[in-house]
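Below is one structure, written out as structure tokens; comments come after it.
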Amino acid sequence: MSAERLPGLREMYLEIKDELTKVITAGMLELNPDLREDELRKIAYRNLRRAGWQEPRMRLPTLLDSCRLEVYMHDTHPAECQFLDPELNKRLGRNPYLVAFTNRKTVMVLRADEEMETLRQAQRLAEESGFRTMAKRSVALMPSPVSDRVYWVRDGKAGLLPPLK
């Protein structure tokens, strides 16, 4: 079972217990008729909220002094989930940021001290800071690649950030 959350990114439901992970399937729900998919989603996000916001494991400089790269890598639950839940991602504040879901359990976030309010500003920062290049390298070199797509998040909503032309 999965649902498209962002262009090119699907959300799957997992049961994680004793360091074992099981993908929840439609067949499993059929065997459990009292549980519907919308209820399963609510339970999943309630469990994530209970685990709380996970801080980045690394903070790295970029090619621009005005930008910083945060790398979230967590074993307790897939790191990307906290960025898809409005309750959890409030922690990032109201300023726009860029995010890439590069590898399983790895998320890269670019935050800037300068404006990122327009598409052109976001594209320029993605390129000049080296963020887009770092996302591509992570996908190419690190285990369990997911995507080198970069998303621009503002006002709590994410959209695909096209490359600067």
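The opening position of the sequence shown corresponds to residue 12 in the numbering used here, with each subsequent residue numbered one higher. Idealized CB from N, CA, C, for every residue including glycine.
Out of curiosity, what's the CA-to-CA distance linking residue i and residue j?
{"i": "residue 18", "j": "residue 123", "result": "24 Å"}
{"i": "residue 73", "j": "residue 135", "result": "13 Å"}
{"i": "residue 169", "j": "residue 43", "result": "33 Å"}
{"i": "residue 59", "j": "residue 77", "result": "32 Å"}
{"i": "residue 209", "j": "residue 57", "result": "Within the shown structure, residues of the chain are numbered from 12 to 176, placing residue 209 beyond reach of any answer."}
{"i": "residue 45", "j": "residue 38", "result": "13 Å"}
{"i": "residue 79", "j": "residue 70", "result": "7 Å"}
{"i": "residue 21", "j": "residue 117", "result": "15 Å"}
{"i": "residue 30", "j": "residue 84", "result": "16 Å"}
{"i": "residue 140", "j": "residue 91", "result": "22 Å"}
Does the beta-carbon of residue i have 16 or more other beta-carbons within 10 angstroms, so that it is buried, or is it exposed?
{"i": "residue 34", "result": "exposed"}
{"i": "residue 119", "result": "buried"}
{"i": "residue 171", "result": "exposed"}
{"i": "residue 133", "result": "buried"}
{"i": "residue 143", "result": "buried"}
{"i": "residue 154", "result": "exposed"}
{"i": "residue 106", "result": "exposed"}
{"i": "residue 129", "result": "exposed"}
Does any residue of chain C bring its CB to less than 8 Å from the CB of residue i?
{"i": "residue 134", "result": "Among the protein chains of the structure shown there is no chain C, as only one such chain exists."}
Whose C-beta lies closer than 8 Å to the C-beta of residue i among residues of the same chain, with five residues either side of it excluded?
{"i": "residue 113", "result": "119, 146, 149, 150, 153, 156, 157, 158 and 159"}
Give me, in chain order, the residues of the same chain whose beta-carbon lies closer than 6 Å to that of residue i; leave out the 5 immediate sequence neighbours on both sides.
{"i": "residue 125", "result": "77"}
(request) Enumerate, from N- to C-terminal direction, the unbroken beta strand (DSSP E) stretches of 3 or more residues contained entirely within the stretch 38 to 96. (result) 69 to 72 and 78 to 84
(request) Please confirm if the stretch 59 to 73 is in contact with the stretch 91 to 106, defined as three or more CB-CB distances below 8 Å between the two stretches. (result) yes
(request) List in chain order: all unbroken beta strand (DSSP E) runs of 3+ residues lying wholly within the stretch 93 to 138. (result) 108 to 114 and 117 to 123
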